[in-house]
Amino acid sequence: MSEIIVRSGGLYTTVQDAGRDGQYAIGMPPSGALDQYSYRVANLLVGNPDGAAALEATYIGPELEFTDDRLIAVTGAEAPARVNGEQVAPWETLSVRAGDVLSFEMITSGARPYVAVSGGIAVPEYLGSRSTYTLTGIGGFQGRALRTDDRLPLGSPPVSGPAPGSSVPAGLRLALGGVAELRLVIGLCSYRLTEAALESFVDTEWKVTKDADRVGYRLRGGTIDFIDRDPPFGAGSDPANVVDLGYPIGSVQVPGGNEPIVLLGDAVTGGGYATVGTVISVDRDRIAQARTGDRVSFTPVDVDAAISARRDRGIRLEKVRAAVS
Numbered sequence: 015m016s017e018i019i020v021r022s023g024g025l026y027t028t029v030q031d032a033g034r035d036g037q038y039a040i041g042m043p044p045s046g047a048l049d050q051y052s053y054r055v056a057n058l059l060v061g062n063p064d065g066a067a068a069l070e071a072t073y074i075g076p077e078l079e080f081t082d083d084r085l086i087a088v089t090g091a092e093a094p095a096r097v098n099g100e101q102v103a104p105w106e107t108l109s110v111r112a113g114d115v116l117s118f119e120m121i122t123s124g125a126r127p128y129v130a131v132s133g134g135i136a137v138p139e140y141l142g143s144r145s146t147y148t149l150t151g152i153g154g155f156q157g158r159a160l161r162t163d164d165r166l167p168l169g170s171p172p173v174s175g176p177a178p179g180s181s182v183p184a185g186l187r188l189a190l191g192g193v194a195e196l197r198l199v200i201g202l203c204s205y206r207l208t209e210a211a212l213e214s215f216v217d218t219e220w221k222v223t224k225d226a227d228r229v230g231y232r233l234r235g236g237t238i239d240f241i242d243r244d245p246p247f248g249a250g251s252d253p254a255n256v257v258d259l260g261y262p263i264g265s266v267q268v269p270g271g272n273e274p275i276v277l278l279g280d281a282v283t284g285g286g287y288a289t290v291g292t293v294i295s296v297d298r299d300r301i302a303q304a305r306t307g308d309r310v311s312f313t314p315v316d317v318d319a320a321i322s323a324r325r326d327r328g329i330r331l332e333k334v335r336a337a338v339s
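Per our numbering, residue 15 is the first one in the sequence shown, and the count goes up by one each step.
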């Protein structure tokens with residue numbers, strides 16, 4: 015049986031794919047790779063179909079032994095990777111043989127490296143996805159992060175794929191470092207903020223706190239004032255409380271008006287906090303690579319701009335496909 019032997023799971027490595035779409039109405043978040051661009055490029059580099067399961071690591075990458083010959087690719091965060099102790103290039107198609115070991119050094123920029131393997135990680139599907147959702151213990155490998163001595167099954171490799179050494183041009187790689195500039199669509203509850211508070215929110219340069227994971231990123235940098243009112247029936251007494259509503263993935267809530275939280279792929283699907291806006295899907299890739307202490311800013315855009323940005327990302331992915339084919 016073709017598999018990966020996990021020598022070390024790293025800090026927090028999970029199996030993820032494009033996400034568990036279509037289950038939001040029953041309270042199931044999509045999970046999936048937080049940085050969808052890096053994940054999709056990794057799959058392109060090894061010839062996998064869209065949606066094939068890969069590995070997402072956080073800060074400290076895993077150590078993996080391969081039991082047969084495969085193509086692999088490492089994308090996302092800058093985490094120097096080695097095969098049998100020899101440094102290998104990121105954003106490039108790599109060839110490994112049975113017994114080879116992939117390992118990582120400490121991340122130098124970004125937060126999450128991605129590892130794709132030709133054939134994909136062949137764990138069972140749950141509700142149409144192989145993505146791990148650790149809060150409920152479903153999907154992925156036994157519903158949890160990887161541990162030493164886990165053995166991950168691999169699918170059959172594609173009949174054809176990019177040649178080893180195929181590389182993504184620098185201009186098509188995810189930009190890391192600097193301020194993470196996030197575009198967001200204002201709403202659903204921005205009417206609850208004072209005009210000055212909304213202006214301050216988009217003018218402030220926020221910092222990522224230590225509370226930053228697959229559920230959401232808590233930010234620090236100022237306070238947000240809400241318009242005074244008597245709480246409506248069904249809402250709590252916190253000034254940010256509203257009657258429960260659904261949370262779009264990427265929505266920004268501000269409990270107590272103190273520290274905004276950007277909700278990500280493993281977040282709850284609804285609750286009783288006002289949402290200031292929603293980070294567009296393309297820019298969730300960027301915040302997924304932000305680390306504690308990194309800076310974040312917000313720029314309001316409309317829905318048309320969000321759709322255009324998603325279309326542009328699709329064009330970039332097609333350029334990657336052409337470059338590595």
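All C-beta atoms in this analysis are idealised placements derived from N, C-alpha and C, irrespective of residue type, glycine included.
In the DSSP assignment, what are the bridge partners of residue i?
{"i": "S109", "result": "L85"}
{"i": "S22", "result": "E77"}
{"i": "G284", "result": "G260"}
{"i": "I121", "result": "Per DSSP, none; premise fails for I121."}
{"i": "E17", "result": "P167"}
Is residue i helix, strand or coil by DSSP?
{"i": "R96", "result": "strand"}
{"i": "P219", "result": "It is worth fixing the name first, because residue 219 is Glu in this sequence and not Pro. Coil, per DSSP."}
{"i": "E273", "result": "coil"}
{"i": "L149", "result": "coil"}
{"i": "D227", "result": "coil"}
{"i": "Y73", "result": "coil"}
{"i": "R161", "result": "coil"}
{"i": "R54", "result": "helix"}
{"i": "A139", "result": "Residue 139 is actually Glu in this sequence, not Ala. Here E139 sits in coil by DSSP."}
{"i": "L116", "result": "strand"}
{"i": "G235", "result": "coil"}
{"i": "G328", "result": "helix"}
{"i": "L212", "result": "helix"}
Check this for me: beta carbons of residue i and residue j, under 8 Å apart or not?
{"i": "G260", "j": "R228", "result": "no"}
{"i": "T289", "j": "V317", "result": "no"}
{"i": "D258", "j": "G291", "result": "no"}
{"i": "R309", "j": "E219", "result": "yes"}
{"i": "R54", "j": "D83", "result": "no"}
{"i": "A56", "j": "T89", "result": "yes"}
{"i": "P167", "j": "V137", "result": "yes"}
{"i": "G270", "j": "D252", "result": "yes"}
{"i": "I86", "j": "V115", "result": "no"}
Of all the options the options, which has the alpha carbon lying nearest to the alpha carbon of residue i?
{"i": "I74", "options": "G36, E106, G133 and A159", "result": "A159"}
{"i": "T72", "options": "S311, A254, Q303 and G328", "result": "Q303"}
{"i": "R126", "options": "A319, V338, G157 and T306", "result": "T306"}
{"i": "F155", "options": "V310, W105, I301 and I18", "result": "I18"}
{"i": "V222", "options": "V334, Y231 and A319", "result": "Y231"}
If we define contact as Cβ-Cβ less than 8 Å, is residue i a contact residue for chain D?
{"i": "D82", "result": "Although the question refers to chain D, the structure presented lacks it and comprises just one protein chain."}
Q: Indicate whether the contact test is met: 3 or more Cβ pairs, each with one atom in the region 137-147 and one in the region 175-191, closer than 8 Å.
A: no
Q.
Any contact between the region 28-38 and the region 61-68? By contact I mean 3 or more CB pairs, one from each, below 8 Å.
A. yes
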